[in-house]
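In this note's numbering, the protein residues as written are 16 to 627.
Don't be surprised by glycine CBs; every beta carbon is placed ideally from N, CA and C.
Keep in mind the model is a prediction, meaning the values are calculated, not measured.
Reviewing the structure listed below.
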Amino acid sequence: MLRVKSRFRLIFLILACCGILLLAMNAFARERVSWAQLPYYLESQGVILKDLPLCDCPEGLNQNSPSHHVVQIIGNTRYEWKEYEFINDVGKTQIAVQMLRPEKRWLSAAEARVLLSASTGMPVKKSRVREGALETTPIPEEPLEGLMRGRSGSRTATKIDDFRAKVALSAMTDLPFLSTVFLEMTFKGDSFRGSGFLIAPNCVLTAGHNVYEADLSGLGNGYWADDVTVVPGLYEAANGVDLVKPYGQQTIVDDLNTNTVFKNDTNDLSEYDYGAIILDRPFPGIDTFMPLEFDNLPDTVITVGYPGHPYGMEDSYDMWFSFARVLGTRGEHNRIINFAGYVSSGNSGGPIAYYNDAVKGYRLIGVVTWEDAQYDSGVRFTSSNHDIIMSWLQEGSPDYDYEHDYYVPYYLSGSGVWTGLALANHNSGENHILVQYFTAQGRTAGGSSLTLAANAQKAFPCTPDGSDSTGWIKVSATLPVYGLALVGDSSPSTMFDMDLQGSLHKKFIFPHLAADGKDWKSKAMLCNPGENIARVTFTYYSEDGATAVEKSVEVAKHGNADVDLKALFVQNLNNGHILVQSTQPLAAFLLYDSSVYGHNNWKAGLSATPLD
16 MLRVKSRFRL IFLILACCGI LLLAMNAFAR ERVSWAQLPY YLESQGVILK
66 DLPLCDCPEG LNQNSPSHHV VQIIGNTRYE WKEYEFINDV GKTQIAVQML
116 RPEKRWLSAA EARVLLSAST GMPVKKSRVR EGALETTPIP EEPLEGLMRG
166 RSGSRTATKI DDFRAKVALS AMTDLPFLST VFLEMTFKGD SFRGSGFLIA
216 PNCVLTAGHN VYEADLSGLG NGYWADDVTV VPGLYEAANG VDLVKPYGQQ
266 TIVDDLNTNT VFKNDTNDLS EYDYGAIILD RPFPGIDTFM PLEFDNLPDT
316 VITVGYPGHP YGMEDSYDMW FSFARVLGTR GEHNRIINFA GYVSSGNSGG
366 PIAYYNDAVK GYRLIGVVTW EDAQYDSGVR FTSSNHDIIM SWLQEGSPDY
416 DYEHDYYVPY YLSGSGVWTG LALANHNSGE NHILVQYFTA QGRTAGGSSL
466 TLAANAQKAF PCTPDGSDST GWIKVSATLP VYGLALVGDS SPSTMFDMDL
516 QGSLHKKFIF PHLAADGKDW KSKAMLCNPG ENIARVTFTY YSEDGATAVE
566 KSVEVAKHGN ADVDLKALFV QNLNNGHILV QSTQPLAAFL LYDSSVYGHN
616 NWKAGLSATP LD
């Protein structure tokens, strides 16, 4: 085993207690790029199609002997295909591609070029890691406890030298590093670290012993991890003091998976030492994942993960990789791959990948599980474990097209205040719904998903991450959904409601104002789901129409603003109306609030009236 005892638990407890959640985000919905849309999407993103040795399916091709069998989530759409490599009449290698998903048919050379270029070259916005307010946590002063736990051997002088390299920040948004995750597991109160990798929006593949402690005594006393915390792309900040979690983190308690043999076999468990973690929600900004290849045995591989003590370091929270020569396979199904590389405690569960020269990109072929004095090992992906891995991938990547988007411009969450959603599915079929929260600064603050049966309804409290926070809500659904948000305050006891807004606009009217500095306050709530900062101009017209005054504010991309109109205009605004004009499409709402002055406990509001 290659998991290592960890004090990382202290970090997460501090983080939860302080209510700090600053996630760098670039995308805020699980948008799907369909097969029909894929070539146009690549063109729109400036992706140059690769020059690959592709051809239409030739006559006489032996379709029972594919050279490669690949599964991958590309643009949040699941693909599966087979590649057939052969030598043509002039002695050159050619590749024909049969697509199995999302539709089964032979691809032309032009179509195959689109698929394989997208497989290894989908655009990844580098700004996800470098820009925005990243979540940081102090590195613990004390070193990790212990080096090993479990069955693995220890390093000796006969092993090759440690030649691992730290993954550079500039490479953290490239595959295979983009999808590699840091894991922190708790077993009966003890914390350990390990590695894993995302294979779908809601699915992490890892070693079985990172999620389940098998019982080698044969008494059936194995047990699951109490919980597992998942952190994609973790790295140490340049100051050497902070840890950066560019996509945030999730802690999973219940949805841990392995296979029956690993749980029950008391002998050699290494061939079955693989498992999966099903996440509550996708991580923002990651929509394309490493291709998985089955039944392949390359000459060399690369391993990636989070070892605790590379080069004998006292403690490391950076991602490391190394290349290794493949020595062969073993096990009943030849699923154990041996390689002469260098992995150590903390690497367990990380990806084993290889570089495919023909398609010019990396592919996953297994998961790291074991270190030994003579060689390292992992579990290969083969036809014998294909089905169970695909079941986990499918569970972690439901093929939902969220075609309907709705917006709540404001939420309030914290001590004594709350926000709730009430959603109704007035349709004849199931409605799959994704709820996402965003802070005023434009960072993700968690979310949840639910399925409403035909004509069903559900009301529930909103639970954005962070103990005290404000922001806005996006509701995405596969069918039209109807609903409202309720915002409440326990001191004084007040409540107001907002309808879901199904469209965004650049021009609105607030038809009435009450902002006298004595009894009423008028507050404009605006959310900007777009990719650019919105400059918003408020033009106040007096009751008699004789006065027009302009003031402007900015709303962060993916953020919102809570604007006190009296404070903005530095004057009382009794009666009259306001024209709102924005450089970016917004959702808007106006709140009348008398509770701030203590004379009355009234709150009321209205959605802005769009003019464009």
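Three-state class that DSSP yields for residue i in the structure shown
| i | result |
| --- | --- |
| Ile-380 | strand |
| Leu-342 | strand |
| Leu-212 | For the record, residue 212 in the displayed sequence is Phe; it is not Leu. Three-state result, Phe-212: strand. |
| Glu-126 | helix |
| Asn-615 | coil |
| Asn-225 | helix |
| Tyr-105 | The sequence shown places Val at residue 105, rather than the Tyr named in the question. Three-state DSSP puts Val-105 in coil, outside helix and strand. |
| Ala-186 | helix |
| Leu-67 | coil |
| Leu-499 | strand |
| Glu-135 | According to the sequence as given, residue 135 is Thr; it is not Glu. Here Thr-135 sits in helix by DSSP. |
| Pro-313 | coil |
| Ser-610 | helix |
| Ser-285 | helix |
| Leu-494 | coil |
| Gly-327 | helix |
| Pro-424 | strand |
| Phe-304 | coil |
| Val-585 | coil |
| Leu-271 | strand |
| Leu-115 | strand |
| Tyr-55 | helix |
| Ser-443 | coil |
| Lys-375 | coil |
| Gly-75 | coil |
| Arg-93 | strand |
| Val-206 | Before going on, a small fix: residue 206 reads as Ser here, not Val. If DSSP states are grouped into helix, strand and coil, Ser-206 belongs with the strands. |
| Gln-98 | Reading off the sequence, residue 98 comes out as Glu, not Gln. Strand. |
| Asp-504 | strand |
| Gly-429 | strand |
| Trp-50 | coil |
| Trp-535 | coil |
| Phe-192 | coil |
| Gln-264 | coil |
Range of the contiguous beta strand (DSSP E) that encloses residue i
| i | result |
| --- | --- |
| Ile-63 | Taken as a continuous stretch (DSSP letters only), Ile-63 belongs to no beta strand (DSSP E), as it is neither H nor E. |
| Met-200 | 195-202 |
| Thr-221 | 218-221 |
| Lys-618 | 618-622 |
| Val-246 | 242-247 |
| Gly-435 | 432-439 |
| Tyr-390 | Here Tyr-390 belongs to no beta strand (DSSP E), and DSSP marks it neither H nor E. |
| Leu-626 | First-last for Leu-626: undefined, no H or E at that position. |
| Leu-528 | Leu-528 -> no beta strand (DSSP E), and no H or E assigned at all. |
| Leu-449 | 446-454 |
| Ser-508 | 508-514 |
| Asn-349 | From DSSP, Asn-349 is part of no beta strand (DSSP E); its letter is neither H nor E. |
| Tyr-87 | It is Gln, not Tyr, that sits at residue 87 in the sequence shown. Element bounds for Gln-87: 83-89. |
Residues sharing a beta bridge with residue i, DSSP
| i | result |
| --- | --- |
| Leu-541 | Ala-576, Ala-603 |
| Ala-563 | Tyr-556 |
| Ser-360 | Paired residues: none, contrary to the question. |
| His-520 | Leu-601 |
| Gly-290 | Thr-221 |
| Arg-395 | Gly-381 |
| Glu-251 | Leu-258 |
| Ile-367 | Thr-318, Gly-381 |
| Ala-549 | Val-570 |
| Ile-593 | Phe-525, Tyr-555 |
| Glu-645 | No statement about residue 645 is possible, as the shown extent of the chain runs from 16 to 627 and does not include it. |
| Glu-332 | The question names Glu, but residue 332 in the sequence shown is Tyr. Partner(s): none; Tyr-332 has no beta bridge. |
| Tyr-238 | Glu-228 |
Where the alpha helix (DSSP H) containing residue i begins and where it ends
| i | result |
| --- | --- |
| Met-405 | 401-410 |
| Thr-275 | 275-279 |
Min CB distance residue i to chain B below 9 Å
| i | result |
| --- | --- |
| Ser-508 | Looking at the structure shown, chain B is missing, and only one protein chain is on hand. |
Should the stretch 517-535 be called in touch with the stretch 566-576, which here means at least 3 C-beta pairs below 8 Å? no
Meets three-Cβ-pair contact criterion under 8 Å: the stretch 181-192 and the stretch 216-227: no
Quick one: complete beta strand (DSSP E) runs, 3+ long, within the stretch 459-486? 459-467, 472-476
Taking contact to mean 3 or more Cβ pairs, one atom from each stretch, closer than 8 Å, check whether the stretch 420-435 and the stretch 461-472 are in contact. no
Examine the Cβ distances between the stretch 306-317 and the stretch 363-383 and report whether three or more of them are shorter than 8 Å. yes
Counting pairs of Cβ atoms below 8 Å between the stretch 121-129 and the stretch 385-402, do you hit three or more? no
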